[in-house]
Structure formats: C-alpha cells, structure tokens
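Below: one structure, written as structure tokens.
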Amino acid sequence: MTRRLVAYADRLSAHPGERLKFMVNSMGSEDYRADIVRLRCGDLDPNGPGFKETIVESPVAGSCKGRRQEIKAGSCAIIDDDPRLAALTSFTLAAYIWPTTPDRDRQAIIGKWCDIQRRGFALAIDEGEATLLLGDEKGQVDRIGSGTALHPRQWYFVAATFDADTGIARLIQRPLDPMLGGPIDVARLAATGRIDGDNGVPLSMAAFLAKGTRPIARYNGKIDRPRLASAALDDAAIEALAGANVPQPLRDVVLGAWDFGDGIRTDRFRDRSDARLDGRLLNLPARGMKGHNWDGSAHDWKAAPEQYGAVYFHEDDIYDAGWDVDFELEIPASMKSGVYCARLTQGEEIERVPFFVRPPKGRATADTLFLVPSCSYMAYANEISSMPSGGIEHGFGHVPAYGPEDLFLWTHPEYGLSFYDTHIDGSGVCYSSRLRPILNMRPGHTTAWVGIGGSTPWQFNADTHIVDWLEAKGIEYDVATDEDLHNEGIALLQRYKSVVTGSHPEYWSTPMHDALGAWISDGGRFAYLGANGFYWRVAFHDTLPGVIELRRCEDGVRDWEAESGEYYMSFTGEYGGLWRRNGRPPQSLVGVGFVAQGFDVSSFYEFQRDAADPRVAFIMQGIDPAERLGDFGSVGGGAAGLELDWVDAKLGTPWHTLRIASSLDHSNAILLVPEEINSATPAMSGRDNPNVRADVTFFETPGGGAVFSTGSISWAGSLAHNNYDNNVSRMTENVLRRFVDPTPFKMPEG
Amino acid sequence: MFRIDPRRLDLAAEFRANPVGIHSPELQAVLNVMRSLPLEQRYILIRRTPFREWVLAQFTGVRNEPPRIYHDKAFASPEEAEWAIFKLRWKHATGEELHEKDLP
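Going down the list, the sequences are from chains A and B.
Using my numbering, read the first sequence as starting at 1 and increasing by one per residue.
Using my numbering, read the second sequence as starting at 1001 and increasing by one per residue.
Structure (structure tokens):
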C-alpha cells in the first residue's frame, strides 16, 4: 500500500508544438508502459460520474526503461570552490545562528568539509552544541565542542578559529539572551595534522555536499551574517567581523562577509568583502526572515533589509527534483485543448501525470475557458498536514482515511511538503514547487480528511467533475492554468466570452487577480463554480519557474502561522496573507467570500426572494423555485458543502448582487472560519450559527459582463446527478449558455 | 472536561445510526472528547481498496514513521469502520465494552 512508480513533468500546460519533458522514478527499476490519455473524470467514486479516460495516439506510447531517480532534499548555501578557499590553512568562521533542532544529528553551519575524506574544516552543531570540526590529510578528525547545549529557537553568535602556526583551535558559543548564560570559549591544541581547504568541495552553509550534489548534515534553523577570514582572529577582530560591514583593518583577511539581506527576491547572495565570493542557495531556503537584530520596529524587509539578514534552512526543503528526462512529448496540432495525463503502467501500479493542453498560441478554440486552479494544486502539493498533527478530526467530522500516496509521502519527506504542512522543526512551509511528483494531484486520488472514509474528490479530481459535465453538456471549452494567467494576464482572458473556475480556486497572485478583476470590469462573464476562492495572495518567483510563495499572516484558516515580522513575501516583497487583508476581499470580486468549512456531509439550498427577480430569469429557467436546490450529489449528499462562501456588503459584495439561494441545515462539523470570529462563542457550527451558509449569487458589471457564484465547493459533485438532469446542472447550464451570448448584460438602475 | 457516561447507550445508538452528519449536542460532546486523544493513540483508517475496503490503523506519534496497520481489522464500508473505532474509543474513555445488542 504505497507507491513504486512516480513522475512529474517540467511544465503543467503547453500549446501544440511545445514539448513536455517527463521524469520518472521506477523504484522497482522494472520497465513500464507509457500512454497519453485524455481525462474526463478522475473520480473513482462509484456514486459519481465514473472514472473516464481515453487513450490518445501518441509517439510516446510504448514500453519505457524503468530506473531509479532520487530526490536530494535539504536547503543550503554554496560558494563555489576557489583557489583562495583551497589555500586556507588558518581561518576564522563565524555566524549568528538560530537553530531549531539542535538535538538532531550533526548539522553544518559553515565550512569546507569533505565527508568522504573526512577532510577540511567546519563550524557545525554536533551533539547539540556548537562544534569546530577539523580533518587532516590522513582523515584524522578532531572536534572541539562548546560543551553546552544550544537551546532551540534562540539566537547565538558562534565562531571558530584555527591557527596553523600554533595548532590552536578555538570555539566560541555566545547566546544573545543573557538568560541563557554567558559566553562559552574553548581553546586547545588540535589533535590533527595540517588542515587546509584543498579538499575539492565548495564552501557550504547549512549542509555539506556529498558527491557534489547531495546535501548531508542538513541544518534546521536560521543563519545570519556568515563570515570567513583567512587568519585566526583575536577577540576584538572577531567582534568586528560580526558587524554589518567589513572593518577596514580586516579587509585583507576577510574572505567572506555574506549579506543575506541583499537579494532577498533571488536565489543568490552577495559577499560584501573584497573577495567577492558571491554564492547561491539550493532548494529554496526561506528568505526575508528576521535576523538576530530584528527589534520589532520594522515588519517589511524592504524597509529594513539590515534586520532581515537571516536565511531559514530546512532539511526538508526542495525546489527542483532535477531528475533526468525519461521521455518527451511534443503536443501535436491534433490534440484538442483539455486535460490529459501521461499514464505510466507497471503491473498494477499506475502513475498518471496530469497536464493541460492549450489551444494554439494566441488563439481560442472555444467561447468558454476552464481556468485550471493550478496555484491551488501547488499549494496543496503532497499535503500531509493531518499526519504529523493527527489533524483536527473535530473539523473533519470523521476519522481520516489514508491511501497509498499518503503512506508514500509519510515515509518520503524528500518529496517535499505543501503550504498546509510544517517542516520537521515545526515552521511553516512557505514555498511550494511543481518540479517534483505531486502525488495528490492524480486521477483516482482521494484526500484523507475530506468525506467519510476519505472518499470525496478534492481539488484536481473534484474539478474533473466540472470537465466531465462540460463534456456531457457539449459545452466547448479550452483550458489554461493559473500559471498561464499569471504569465499572460488579461490578454488570455480577453480571448474568451466566459470563464469557468474549478471547485476551489483559493490561491491568487497579484497579476492573476489584477487580470481577472480588469477582465470582469471590462465585460467578462465569470462563473465561479466553487468556494473559498481568491483567498490567499501568493507570489511567483522572478526567475525560478514553477514555484510559488505564501505567508500565512494574521488571519484566515491557517495550518501554521507566519512569525510576526515575516508577513512580507520574499519573491516579490508584497505583503502576504489573505486578499481580504490586502484590500481585496473575495466578495468585492465575485460577490461572495469564505465563511465556513467542514468535511463531513453537505446540505442543500433554498431559493430566496431574489430568485424571482427578472434579472435572473435566465438562470431560473426550467427550475421550480419551490424545490430545494442541490439536495443530492456525490460529495456529502448535497451541493452546499465542504467550504462555503457568503455575501457580505461590508466586504464589498456589489450593491446590486442578487442572492438567488442560500444553504441551511449544515452539520456540527461545518464551522465558521477564524476571520469571521473576533471573539469565540459556543455557537460556531452549522447547527447553531445562522451565518454558516453558502449563497448563490449573480450580478452584472458596467461593461456588459456578469458574475455568477455558487458559494460551495461541493457544487461540482452534484452536476452529474440523475444523468446530469437536475437543478444544479440546469442552473449551471443556463448560466454558461447565456454567458457566451454576446448580448451585453445591463446594470440595474441604482 | 466533559466525561463520557457509559450509561448513555442512547448516544452510542445515535452514532451507530448516523456516524457522520448532524448529531445531537450530547453526541457531539462525546465525539469532541473522543477526537482529542493524544496522537500516538489516535485511530485512523487506511484505504486498502478504493471505495471497497478500509483497514484500521494507528499513528505511532513519531513523524515519518509509518502507522501501525491492523490488516485483520478490515471494513467494507467507512460507516462500519467509524462504528468499530467509536467502540474502541468508548472503551478507552469509559473502561466499558460497548455491545451492539445492548443498544436501545
């Protein structure tokens, strides 16, 4: 009950003529068969539309050679080898550190250490204390430890010196908080022969590199102001070395005075010494992090970079798995825009890697665009949050039920984590990349905590219910991803009359949000077929593809909480967190916004007075307003469930929004979200709080466009009920048919 | 802290009839207590065959350590699994066995 064949592609979407590269890890090393399939529905639930995929002819179809490929997780800083480093015999190493797991195995801070030869020198944490490691040409090793345990999550200044002339090694460990005791200073004759830096490995921080690429002795915690000098400095010089700038008298001996507060948006860092030994970061450690001197006076790293000189490293950071390519697919012109997978079969083991084929570049081949919420897929990538913590079973409303992907990820932390997870040291995961196998974005996958028995589709598979319904109704559609929207902006949307969302488009970058808002104002027709959308602000990186950033700031449903002073994103410098806290509540964009969530059963809607308004007659066509809306469905038995959005004029629901229907009778496990609770009360659930409800809404825009919102994630699970003949399906079809009619919508009189 | 009263078999019967969804306030209080057990005692399910078979398991409380899977405790529906776990938790909380035949 685990996985043996996993893969990823180098991109999520491609136009005809573009190439996708696929990277595969076959743990059994056996061969596998590759096929390309078009996916219509990825939900295995026998009560749903049924699993539907069709093989597409493709040159990649056939047998492929299986091989093992590994992920080398762990972030670190690297300064490429240099004759000046190799020539070192005497040295001083220093840094401010904030270790978070000092009790774990040996962890590198800074050094030039070859673990195979056991040769070189390094400042590290070993046996819970700051330690100088020395290894001579014969592999003879000496370790000089402070003898005093480091406390986790406390700042220390640590330094080590070695004088080749005297053979004296020295180690300093000084807590910045005097409550933790005074400085430790250990000096003695080293029990090694000649020490030098000529060991063929780079200078590295937060890990040593084995075989040039694999981080070992991985450190968890922050490093600030790492320093290197080519002499064993005395106390006064060491103190001066720890300053922000290189003191003039030391300029001749300082080989590295690295400033992590410079270049925070990048994966590079600068050396302020004359040596100019600039470096690079591997596997995206967190930047824009408070340094040892943060005093609470600044919260934005752009305003006070000198207080944000720390990089936060984690042993389980991963950016790009970097596997060798196993096969490539050039998207043929005959491949219609839609959802596809590379299907890899090895006996009973099947791995499907989804990708999204777009229409020919610069063109639309349909009136409707299905906007694939790929930022949300990335946010949830390889989520295991309910495993380390046991989750909040109170909020699930049932026992979580795990599958093979969960069990694989549980024992393979190197595959990386999601925005819902915490690192091994308990800090939040603020970067998530798609350049690794994402095992919960797979047809057939279900999510442990969603629905009894972990049997309800979530995200990707839930969204294929919408795809399946579009196909069933013969509504022509193109697909594009969030990332495409981020890169191309409003021009992408302007090619379409109507845009349809997935069930849970939660994560939005500023360019995405800007483009959508402008397009809606400009006459776009937008059908929001989900809930908890437009919620978190995320950022893409300026130069690194396929990775997004999130800071879980002061509000919202947060599986972890960003540290105070760390609310500004490193990729863009933007304030992170909820769009609601950034002046753009979801209500102001689409009429409704997040109000409650729970993962047991769904409910239904009742039509409201506004359903009789002539402005929504086209939506109500063929629907009896006396009926319950969506009192059925394969997701918890109703169209209103999992996560719910409601109207709120204070948060910007447009004045003329019509509330067509509202849900009711939600369960004990459907609970208000934190931003709706300024002070806790016992009345927080669907049983005792009337605010726990989803609203179906509609409004027109001055540009002749309109927005329809369903207010519920489980809406998609009701579309296929009764062979697609039901009031949820009919209402959705009424909306989408009208949305492609060019006749402008008219704003009501104010 | 609310204590589960082993005489309240009516609440067990209510759960048996409807393990997920709307519960009475008293059953909800029982579930809140049951769902607060320490991680290393927490029962979970493993989906052995999608939509067909679930087996009982338990977290060890150690991150990245696989859960203990009780392969002989298999269930054909999640409702059956929920009931089996409810009985285990009832025993843990009250010290008393819960027998289906005793339910009102």
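From the three backbone atoms N, C-alpha and C, an ideal C-beta is built for every residue, glycine too.
Within chain A, partners of residue i - CB distance below 7 Å
{"i": "B:TRP1090", "result": "Near B:TRP1090 there are no residues of chain A at all, since even the closest Cβ is about 14 Å away, more than 7 Å."}
{"i": "B:ARG1008", "result": "Simply none; closest approach about 17 Å."}
{"i": "B:ARG1035", "result": "GLU393 and HIS394"}
Chain B residues whose Cβ lies nearer than 7 Å to that of residue i
{"i": "A:ASP45", "result": "PHE1051"}
{"i": "A:ASN668", "result": "ILE1022, HIS1023 and GLN1028"}
{"i": "A:THR411", "result": "ASN1064 and PRO1066"}
Residue i and residue j closer than 8 Å at C-beta
{"i": "A:MET731", "j": "A:ILE623", "result": "yes"}
{"i": "A:PHE604", "j": "A:ASP648", "result": "no"}
{"i": "A:GLU643", "j": "A:PHE594", "result": "yes"}
{"i": "A:MET620", "j": "A:TRP323", "result": "no"}
{"i": "A:VAL6", "j": "A:VAL37", "result": "no"}
{"i": "A:ILE438", "j": "A:TYR32", "result": "no"}
{"i": "A:TYR319", "j": "A:LEU435", "result": "yes"}
{"i": "A:GLY523", "j": "A:GLY705", "result": "yes"}
{"i": "A:PHE208", "j": "A:ILE195", "result": "no"}
{"i": "A:SER75", "j": "A:PRO285", "result": "yes"}
{"i": "A:GLY28", "j": "A:GLY62", "result": "no"}
{"i": "A:ALA77", "j": "A:VAL311", "result": "yes"}
{"i": "A:ILE466", "j": "A:PHE370", "result": "yes"}
Chain A residues whose Cβ lies nearer than 9 Å to that of residue i
{"i": "B:ILE1004", "result": "Correct list: empty, because the minimum Cβ distance to chain A is about 15 Å."}
{"i": "B:PRO1078", "result": "HIS398, VAL399, ALA401, GLY451, ILE452, GLY453, GLY454 and SER455"}
Under 8 Å from the C-beta of residue i: neighbouring residues of chain B
{"i": "A:GLY347", "result": "The premise fails here: A:GLY347 is roughly 16 Å from chain B at the closest Cβ pair, so nothing lies under 8 Å."}
{"i": "A:MET1", "result": "ILE1046, ARG1048 and ILE1069"}
{"i": "A:TYR402", "result": "ILE1044, LEU1045, ILE1046, ARG1047, ALA1057 and PRO1067"}
{"i": "A:VAL601", "result": "VAL1020, GLY1021 and ILE1022"}
{"i": "A:LEU578", "result": "Result: empty, since nearest Cβ-Cβ is about 27 Å, beyond 8 Å."}
Residue range of the alpha helix (DSSP H) that includes residue i
{"i": "A:SER374", "result": "374 to 379"}
{"i": "B:PHE1086", "result": "1078 to 1094"}
{"i": "A:THR411", "result": "404 to 411"}
{"i": "A:TRP469", "result": "460 to 472"}
{"i": "A:TRP519", "result": "510 to 521"}
Buried versus exposed call for residue i [16 or more other C-beta atoms within 10 Å across all chains shown]
{"i": "B:ASP1072", "result": "exposed"}
{"i": "A:ILE116", "result": "exposed"}
{"i": "A:LEU250", "result": "buried"}
{"i": "A:PHE599", "result": "buried"}
{"i": "B:GLN1041", "result": "exposed"}
{"i": "B:HIS1099", "result": "exposed"}
{"i": "A:ILE238", "result": "buried"}
{"i": "A:ASN723", "result": "exposed"}
{"i": "B:ARG1035", "result": "buried"}
{"i": "A:VAL635", "result": "buried"}
{"i": "A:SER679", "result": "exposed"}
{"i": "A:ILE222", "result": "This sequence places Lys at residue 222 of chain A; Ile is not what is there. Buried is the call here."}
Chain-ordered neighbours of residue i on chain C, where CB pairs are closer than 9 Å
{"i": "B:GLU1082", "result": "Checking the listed chains, one finds no chain C in this structure; the protein chains it contains are A and B."}
Range covered by the beta strand (DSSP E) that runs through residue i
{"i": "A:PRO175", "result": "168 to 175"}
{"i": "B:VAL1055", "result": "1053 to 1058"}
{"i": "A:SER283", "result": "The sequence given here places Asn at residue 283 of chain A; Ser does not occur at that position. Segment: none, A:ASN283 is in no beta strand (DSSP E) and carries neither H nor E."}
{"i": "A:MET23", "result": "19 to 26"}
{"i": "A:PRO226", "result": "221 to 229"}
{"i": "A:MET205", "result": "203 to 205"}
Contact list for residue i against chain B, beta-carbon separation under 9 Å
{"i": "A:ASP105", "result": "Neighbours of A:ASP105 on chain B: none; closest Cβ ~14 Å, over 9 Å."}
{"i": "A:ARG687", "result": "ILE1022, HIS1023, PRO1025 and GLN1028"}
{"i": "A:GLY444", "result": "PRO1050"}
{"i": "A:ILE424", "result": "ARG1063 and ASN1064"}
heavy atom of the ligand NAD below 7 Å from residue i C-beta
{"i": "B:ASP1072", "result": "For the structure depicted, the ligand NAD is absent and the ligand set is empty, with no information on it obtainable."}
For the 8 Å Cβ check, are there 3 or more pairs between the stretch 78 to 97 of chain A and the stretch 236 to 251 of chain A?
Touching, yes.
With a threshold of 8 Å, are at least 3 pairs of Cβ atoms found where one atom belongs to the stretch 515 to 529 of chain A and the other to the stretch 702 to 721 of chain A?
yes
Inter-stretch contact at 8 Å, needing at least 3 Cβ pairs: the stretch 339 to 354 of chain A / the stretch 35 to 51 of chain A:
yes
May I ask you to verify whether the stretch 180 to 187 of chain A touches the stretch 264 to 274 of chain A, counting CB pairs closer than 8 Å and requiring at least 3?
Contact between the stretch 180 to 187 of chain A and the stretch 264 to 274 of chain A is absent, because fewer than three Cβ pairs lie under 8 Å.
When the Cβ atoms of the stretch 99 to 116 of chain A are set against those of the stretch 165 to 182 of chain A, are three or more pairs found closer than 8 Å?
Flag = no, the stretch 99 to 116 of chain A and the stretch 165 to 182 of chain A do not touch.
Determine, using beta-carbon pairs with one atom in the stretch 528 to 543 of chain A and one in the stretch 389 to 405 of chain A, whether at least three such pairs fall under 8 Å.
no
Determine, using beta-carbon pairs with one atom in the stretch 448 to 458 of chain A and one in the stretch 343 to 360 of chain A, whether at least three such pairs fall under 8 Å.
no
Answer yes if the stretch 281 to 301 of chain A comes into contact with the stretch 567 to 579 of chain A, meaning at least three C-beta pairs across the two stretches below 8 Å, and no otherwise.
yes
Across the stretch 1080 to 1092 of chain B and the stretch 416 to 423 of chain A, are there enough close Cβ pairs to call them in contact, namely three or more that are closer than 8 Å?
Look at the beta carbons and you see the stretch 1080 to 1092 of chain B not touching the stretch 416 to 423 of chain A: under three pairs across the two are nearer than 8 Å.
Cβ contact (3+ pairs, closer than 8 Å) linking the stretch 464 to 479 of chain A and the stretch 727 to 741 of chain A
yes
Could you tell me whether the stretch 153 to 165 of chain A touches the stretch 45 to 55 of chain A, where touching means 3 or more Cβ pairs closer than 8 Å?
The stretch 153 to 165 of chain A makes no contact with the stretch 45 to 55 of chain A; the number of CB pairs closer than 8 Å stays below 3.
I'd like to know if the stretch 577 to 596 of chain A and the stretch 534 to 541 of chain A are in contact, where contact means that at least 3 CB-CB pairs between them fall below 8 Å.
yes
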